[in-house]
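J.: Numbering that gives the first Met the number 0 puts the first residue of the sequence shown at 0, with every later residue one more than the last.
No residue lacks a Cβ here, since even glycine has one placed at the ideal position from N, Cα and C.
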Amino acid sequence: MSATVHTEAAEALRRLELDVNRRLDGLLHGDYRGLVPGHGSETGETRPYVPGDDVRRIDWNVSARSMDTHVRESIADRELETWVLVDRSPSLDFGTARTTKAGLAVEAVGAIGFLTARTGNRLGAVVVDPEGTTVIPAKPGREHLLAVLHGLLTGARPGTRLGGTARHAGDTTDLGAALGHLIVPPRRRGLIVVVSDFLSTDGWARALRGLTARHDVVAVEIVDPRELELPSVGVLTLVDPETGRTREVPTNRRVRDRYAAAAAEQRRRIADELRRAGVGHLQLRTDRDWVIDVARFVQARRAMAGVR
């Protein structure tokens with residue numbers, strides 16, 4: 000690997016850390032332990048149920064005695080284990096705005112990592128690409144996080160390669176199979192973040208539902224604006240990054256309207272699947288400021304959990 004690649008990766012990581020430590024910290028006031036206010040394993044006080052509370056936290060004994068629904072608060076663990084699954088399908092190499100979807104995925108992982116690493120929390124990663132799945136063990140510390148991010152930027156995989164367990168024909172990836180590595184073996188209860196464009200249809204929704212029984216799960220959906228609408232440029236040659244197939248498409252008004260409607264329906268289906276899975280849903284776009292979108296998401300989650 001050339002020295003230029005290492006230098007560019009180091010500069011990108013420096014800018015990313017500054018964005019998190021300065022801009023994101025400026026938008027997120029107060030003490031927070033991670034991307035979302037995760038629940039601990041030690042039981043705490045009860046309080047009246049409010050809409051949006053996790054029904055799994057309802058204390059039925061207290062509710063029966065008081066004749067009013069109560070939820071049991073929990074005391075945050077001192078050390079949270081965070082696992083990040085990063086989808087490196089060829090479809091994420093696409094990008095028409097300030098960065099590619101793969102570049103935005105790295106920024107999302109950086110935000111998660113820097114927010115959780117500062118209090119000594121452990122970060123592990125599962126990276127899935129057409130060659131298979133790599134599992135990077137959970138470790139604490141900034142240096143470990145930087146190694147994970149450097150590997151995502153340069154293609155290096157500082158972990159255990161599990162071979163072709165996530166491979167599909169045509170150089171696609173099996174996101175559902177990769178999620179299985181977060182279920183078996185069982186991970187310590189904590190936060191799991193899945194970063195993907197969720198364009199595959201390989202059973203990832205069922206795997207996500209399996210994770211929510213034990214973990215707080217957040218899905219980070221990566222989107223490029225050209226996936227939502229076509230430009231008016233005459234005849235456009237489109238290439239499927241996962242199969243290599245090409246197709247020439249006339250970008251007249253009728254075709255653009257049909258494409259936009261189909262793309263909107265696809266995104267609605269993804270959002271519906273994520274909602275039914277019971278996970279938090281954060282959408283990041285390559286043409287928007289990811290720092291602001293992450294800050295809004297964290298603030299909304301904290302408000303829902305009653306965290307000031």
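Could you tell me the distance, in whole angstroms, from the CA atom of residue 265 to the CA atom of residue 128?
T.: In a straight line, the C-alpha of residue 265 is about 22 Å away from that of residue 128.
J.: Taking residue 211 as part of the alpha helix (DSSP H), name the residues at either end of that continuous run.
T.: Counting along the chain, the alpha helix (DSSP H) containing residue 211 begins and ends at 203-211.
J.: If residue 192 and residue 111 are in contact, beta carbons under 8 Å, what's the gap, nearest whole angstrom?
T.: Indeed, because the Cβ distance is near 5 Å, the residues count as touching under 8 Å.
J.: Considering just the uninterrupted stretch of the beta strand (DSSP E) at residue 22, what are its terminal residues?
T.: Here residue 22 belongs to no beta strand (DSSP E), and DSSP marks it neither H nor E.
J.: Rounded to whole angstroms, what's the CA-CA distance from residue 135 to residue 238? Just pull it up for me.
T.: About 32 Å.
J.: Quick check on residue 97: does DSSP put it in helix, strand or coil?
T.: Three-state result, residue 97: coil.
J.: Tell me which residues share the same chain as residue 309 and place their Cβ nearer than 7 Å to its Cβ, disregarding the 5 neighbours each side in the sequence.
T.: Outside the displayed span of the chain (0 to 307) sits residue 309, for which this structure offers no information.
J.: Beta-carbon separation of residue 262 and residue 226 under 8 Å?
T.: The answer is yes: Cβ separation under 8 Å.
J.: Leaving out five residues on either side along the sequence, give the residues of the same chain with a beta carbon under 6 Å from the beta carbon of residue 30.
T.: Only weak support is given to the placement of residue 30: the predicted model assigns it a pLDDT of 47, under 50, and the value that follows is read from those uncertain coordinates. Around residue 30: no qualifying Cβ.
J.: Expressed to the nearest angstrom, what Euclidean distance is found between the alpha-carbon atoms of residue 101 and residue 64?
T.: Using only the alpha carbons, I get a separation of about 52 Å.
J.: Thinking just about the alpha-carbon of each residue, which of 175, 92, 220 and 117 is nearest to the one in residue 200?
T.: With distances taken between Cα atoms, residue 200 lies closest to 175.
J.: Taking the alpha carbon of residue 207 as the reference point, which residue from 185, 181 and 16 has its own alpha carbon closest?
T.: When each option's Cα is compared against that of residue 207, the closest is 181.
J.: If you draw a straight line from the alpha carbon of residue 96 to that of residue 66, how long is it in whole angstroms?
T.: Cα to Cα, residue 96 sits roughly 55 Å from residue 66.
J.: Does the Cβ of residue 204 have 16 or more other Cβ atoms within 10 Å, making it buried, or fewer, making it exposed?
T.: It counts as buried.
J.: With a threshold of 16 other CB atoms inside 10 Å of the CB of residue 283, please say whether the residue is buried or exposed.
T.: Label assigned to residue 283: buried.
J.: Ignore the nearest five residues each way along the sequence and tell me which others in residue 279's own chain have a CB closer than 8 Å to its CB.
T.: Closer than 8 Å at Cβ, skipping near neighbours: 35, 215, 216, 217, 218, 296 and 300.
J.: Using the Cβ count rule (16 or more neighbours within 10 Å means buried), how would you classify residue 20?
T.: So residue 20 ends up on the exposed side.
J.: If we call anything under 8 Å between Cβ atoms a contact, is residue 23 one with residue 109?
T.: No. Outside cutoff.
J.: Once you ignore the five residues that flank residue 149 on each side, which residues in its own chain have a CB closer than 6 Å to its CB?
T.: If we look at residue 149 and ignore the five residues flanking it on each side, its Cβ neighbours are 8.
J.: I want to check one thing, is the minimum distance from the CB of residue 245 to the heavy atoms of the ligand ATP below 7 Å?
T.: Because no ligand of any kind appears in the structure shown, any question about the ligand ATP cannot be addressed here.
J.: Out of 18, 186, 211 and 84, which has the shortest C-alpha to C-alpha gap to residue 276?
T.: The residue with the shortest Cα to Cα distance from residue 276 is 211.
J.: How many angstroms separate the CA atom of residue 124 from the CA atom of residue 88?
T.: Computed Cα separation, rounded: 16 Å.
J.: According to DSSP, which residues form a beta bridge with residue 129?
T.: According to DSSP, which records beta bridges pairwise, residue 129 is partnered with nothing at all.
J.: Give me the Cβ distance between residue 137 and residue 121, rounded to the nearest whole Å; I'm assuming they're in contact under 8 Å.
T.: Confirmed, about 4 Å.
J.: Under a Cβ-count criterion, where at least 16 other Cβ atoms within 10 Å of its own Cβ denotes burial, should residue 5 be classed as buried or exposed?
T.: So residue 5 counts as exposed.
J.: Name the one or two DSSP bridge partners that residue 124 has.
T.: Answer is 83 and 135, bridged to residue 124.
J.: For residue 131, is the classification buried or exposed, using 16 other Cβ atoms within 10 angstroms of its Cβ as the cut-off for buried?
T.: So residue 131 counts as buried.
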